[in-house]
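Each protein sequence line maps, in turn, to chains U and A.
Everything in the first sequence is counted per my numbering, starting at 96 for the first residue and increasing by one.
Everything in the second sequence is counted per my numbering, starting at 6 for the first residue and increasing by one.
Virtual Cβ for every residue (Gly too), placed ideally from N, Cα, C.
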Amino acid sequence: MSKPTVMINRYSWYELLGIYAGILVFLTFVLAPFVEGFLVSLKPLSQLFSSPYRFFPENGSFEAYRTMWVSVPGFARYIFNSFFISSVVTIIVLILVVPAAYSFARFEFRGAGVLLGAFLAVKMFSGAVLLIPLFRLMRSLGVLNTYLAMIVPGVAFIIPTGIWLLLAYMKRIPRELDEAAHVDGAGYFYTLRRVIIPIAMPGIIVVAISSFIEAYAQQFIYALTFNSKSEYAPLPVGLFAYFGRQEVIWNELMAASFVGIAPAVVAIFFLQRYLVSGLTAGAVKQ
Amino acid sequence: MRGSRSAVIFAWILLAPAVLYVMAIVAYPLVDTFILSFTDASLKKTTNWVGWANYSKIFNATFAEVIIRTFVWTFFSVSIKMLIGTFGATMLNAAVPGRALFRVLTMPPWIVPMAIGIFMWGWMYNGQFGMISGMMQRLGMVDSPIAFLAQGSTAFWATIITDVWIGVPMVTLYLLAAMQAIPQDLYEAAWTDGARRFYRFRRITLPLLVPSMITMSMLSLISTFNSFDIIWILTRGGPSGETTTMIIDTYRTAIGSNKYGEGAARAVLICIFLSIFCVCYFRVTSRLSAGDK
């Protein structure tokens with residue numbers, strides 16, 4: 096680190112104060128719902144439905160984390176479904192994206208630029224826009240009310256991100272490496288399998304993680320529309336089981352939400368370095 | 006390896022699975038939507054060609070209101086996301102102890118299943134027992150509880166704020182990455198010349214950030230225009246239609262009332278708007294990258 100860099104990053108006390116105050120305001124906005132949600136999960140229902148409002152729980156307990164499994168016996172199944180759907184989506188995305196990214200990164204052919212743009216445009220149609228024909232398509236394929244109805248559309252809208260992320264990564268691999276393999280007489284497939292994939296492994300892992308998280312976070316609309324069987328429902332739809340006839344069981348709903356997001360939160364803490372670079376790669380220098 | 010015939014064939018073999026998949030799941034339904042929009046398709050067995058009937062049926066005062074509302078909703082949501090995102094990125098870009106942790110703490114709204122964050126907001130907006138109304142009463146800002154989601158004007162802003170909350174982490178981390186890509190020697194040169202921190206921010210960081218801000222707001226525009234989960238879970242487009250955006254209206258018509266044809270006509274309109282945004286996006290980004298050279 097050169098000398099100016101050290102000097103330039105030295106803050107006076109009022110600058111530090113301002114920055115920390117700014118960060119505090121910002122993070123309060125970002126995290127307030129989680130804090131409130133957690134406190135709600137500790138409060139007994141009677142306390143939740145009473146005025147005036149109290150922020151901190153009185154005699155708070157983790158009771159809701161026990162009763163939530165009793166009120167909605169299928170809850171473990173919903174978590175499993177979410178994991179299962181996201182895992183299959185991730186595997187299919189990788190199978191499709193790795194060769195496609197390699198093709199864009201290493202070969203020059205007419206239409207490559209347009210095709211890359213078209214892949215990006217695909218993302219616009221994710222969600223509800225194509226719901227009607229997708230519903231008819233799923234029905235004619237006979238996969239309504241199965242896992243496939245949630246997996247098949249999910250994959251299509253995660254492919255573009257995967258291609259762009261991996262393409263940016265593969266472009267950084269020196270061409271000399273695969274050209275050397277070619278000189279030695281290796282075929283394209285051999286080069287892909289033995290040279291490119293091993294070197295691109297960190298990039299592939301980033302794509303896998305971001306695909307999994309995207310699939311885990313965005314299962315709502317397909318699950319809502321294409322599946323009505325509760326045994327296949329993923330977490331976001333399964334949580335509606337806590338919406339009773341009369342009243343929402345808010346403390347258990349929040350407890351169940353925290354149990355449901357625990358895996359994602361653990362993943363963030365272990366993988367945050369890859370996540371930030373992965374999710375924002377290709378964004379800055381494209 | 007480039008350009009030779011066998012290389013081109015191999016390139017297409019590698020691409021084929023991904024291209025075919027996207028054609029089947031995105032391109033085919035897109036064409037299907039277009040065709041459906043000229044029919045009276047529904048749950049009935051028979052489907053008739055109705056020409057422009059679906060389109061002429063939706064062009065009425067109510068639908069014009071829905072379109073305008075969608076644009077207003079999107080405009081405010083994207084603008085506020087960009088403002089808060091730029092603020093957050095600037096704060097997190099400062100080299101202060103703990104910033105690695107602060108960056109991680111920015112992510113949860115983005116990473117957790119959307120529905121969960123929305124439930125939490127739903128409870129906070131609750132009029133009788135929710136946190137926001139409760140806090141406002143305690144601080145003496147209002148006398149009686151406000152049911153945010155039960156009145157049109159507040160429900161409109163409540164859904165926007167939740168959408169902002171979900172979108173802010175991505176904007177923040179994206180702009181943060183852009184800030185960190187700015188060469189450090191620019192700052193050092195300015196520092197040597199005696200430029201103060203705020204001056205450096207205004208004259209170096211902000212101008213160099215503009216291309217990324219434009220790119221991000223275009224991307225954000227597209228996803229916000231399509232935003233479904235938030236409004237659907239919080240208000241289902243109510244009360245009395247005051248949070249009904251185009252996508253919600255399409256869903257209600259097509260899936261709620263099983264009028265596939267009429268729903269498809271609405272979806273086609275959405276696709277037209279999205280295509281316009283998309284063309285703008287590519288125009289702008291290609292101009293920006295041309296400007297780099």
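C-beta neighbour in chain U for residue i, strict 8 Å
i: methionine 125(A); result: yes
i: tryptophan 128(A); result: yes
i: lysine 298(A); result: Bear in mind that a pLDDT of 45 at lysine 298(A), under 50, signals an unreliable position, so the number given afterwards is only what the model happens to contain. False, the Cβ-Cβ gap to chain U never drops below 8 Å.
i: proline 244(A); result: no
i: valine 289(A); result: no
i: tyrosine 136(A); result: Contrary to the premise, residue 136(A) reads as methionine rather than tyrosine in this sequence. Yes - at least one Cβ of chain U is within 8 Å of the one on methionine 136(A).
i: tyrosine 26(A); result: yes
i: leucine 279(A); result: yes
Below-8 Å beta-carbon distance, residue i vs any chain A residue
i: isoleucine 186(U); result: no
i: proline 293(U); result: no
i: tryptophan 108(U); result: no
i: phenylalanine 364(U); result: yes
i: arginine 289(U); result: no
i: isoleucine 114(U); result: yes
i: glutamine 314(U); result: yes
i: glutamate 131(U); result: yes
i: threonine 320(U); result: yes
i: serine 323(U); result: no
i: leucine 211(U); result: no
i: proline 194(U); result: yes
i: methionine 163(U); result: no
i: proline 334(U); result: It is leucine, not proline, that sits at residue 334(U) in the sequence shown. Yes, leucine 334(U) counts as interfacial toward chain A.
i: alanine 216(U); result: yes
Host alpha helix (DSSP H) of residue i (start-end)
i: leucine 191(U); result: 170-201
i: methionine 96(A); result: 66-98
i: tryptophan 108(U); result: 108-137
i: methionine 28(A); result: Element bounds for methionine 28(A): n/a, residue is neither H nor E.
i: glycine 333(U); result: 330-333
i: methionine 223(A); result: 211-230
i: asparagine 59(A); result: 58-63
i: serine 141(U); result: 140-143
i: threonine 162(U); result: 158-166
i: valine 36(A); result: 33-41
Test item: CB-CB of residue i and residue j under 8 Å
i: valine 169(A); j: isoleucine 89(A); result: yes
i: isoleucine 30(A); j: alanine 207(U); result: no
i: isoleucine 151(A); j: isoleucine 235(A); result: no
i: arginine 271(A); j: threonine 258(A); result: yes
i: tyrosine 265(A); j: serine 47(A); result: yes
i: isoleucine 253(A); j: glycine 268(A); result: no
i: proline 34(A); j: leucine 239(U); result: no
i: leucine 334(U); j: alanine 120(A); result: yes
i: leucine 137(U); j: serine 156(U); result: yes
i: glycine 222(U); j: phenylalanine 233(A); result: yes
i: threonine 111(A); j: glycine 93(A); result: yes
i: alanine 174(U); j: glycine 339(U); result: A quick correction: the sequence has isoleucine, not alanine, at residue 174(U). Contact: no.
i: alanine 155(A); j: glycine 132(A); result: yes
Proximal chain A residues relative to residue i, where beta-carbon distance stays under 7 Å
i: valine 247(U); result: Ile30
i: valine 135(U); result: Trp128
i: alanine 359(U); result: Ile116 and Val117
Beta-carbon proximity list for residue i, same chain, < 6 Å, skipping 5 on both sides
i: phenylalanine 107(A); result: Leu97
i: valine 217(U); result: Pro255
i: valine 302(U); result: Gly257, Leu260 and Leu261
i: glutamine 381(U); result: In this predicted model, glutamine 381(U) has a pLDDT of only 37, less than 50, meaning its place in the structure is not dependable; the value taken from the coordinates is given anyway. There are no such residues.
i: threonine 185(U); result: Ala303, Ser306 and Phe307
i: tryptophan 115(A); result: Pro174 and Met175
i: tyrosine 160(U); result: Ala350
i: tyrosine 286(A); result: Met223
Contacts of residue i in chain A (Cβ-Cβ under 8 Å)
i: tryptophan 345(U); result: Trp128
i: tyrosine 197(U); result: Leu19
i: leucine 122(U); result: Phe107, Leu110 and Thr111
Contact set for residue i: own chain, Cβ-Cβ below 7 Å, skip 5 residues either direction
i: alanine 195(U); result: Ile258
i: methionine 136(A); result: Met129
i: phenylalanine 151(U); result: Leu134
i: tryptophan 57(A); result: none
i: valine 192(U); result: Ile254, Gly257, Ile258, Leu261 and Val302
Residues that residue i contacts on chain U, provided the C-beta gap is smaller than 7 Å
i: glycine 268(A); result: Ile227
i: leucine 213(A); result: Per Cβ cutoff of 7 Å: no residues; leucine 213(A) is ~11 Å from chain U at best.
Own chain residues within Cβ distance below 8 Å of residue i, not counting five before or after
i: methionine 245(U); result: Ile180, Gln314, Tyr317, Ala318, Phe321, Asn322, Tyr327 and Pro329
i: threonine 38(A); result: Ala269, Ala272, Val273 and Cys276
i: methionine 87(A); result: Val176, Met218, Met221, Ser222 and Ser225
Amino acids of chain U, ordered along the chain, whose beta-carbon sits closer than 8 Å to that of residue i
i: tyrosine 256(A); result: Ala223 and Leu226
i: arginine 202(A); result: Glu110
Partners in chain A for residue i, counting only beta-carbon separations shorter than 9 Å
i: arginine 231(U); result: Pro34, Asp37, Leu41, Ala46 and Tyr265
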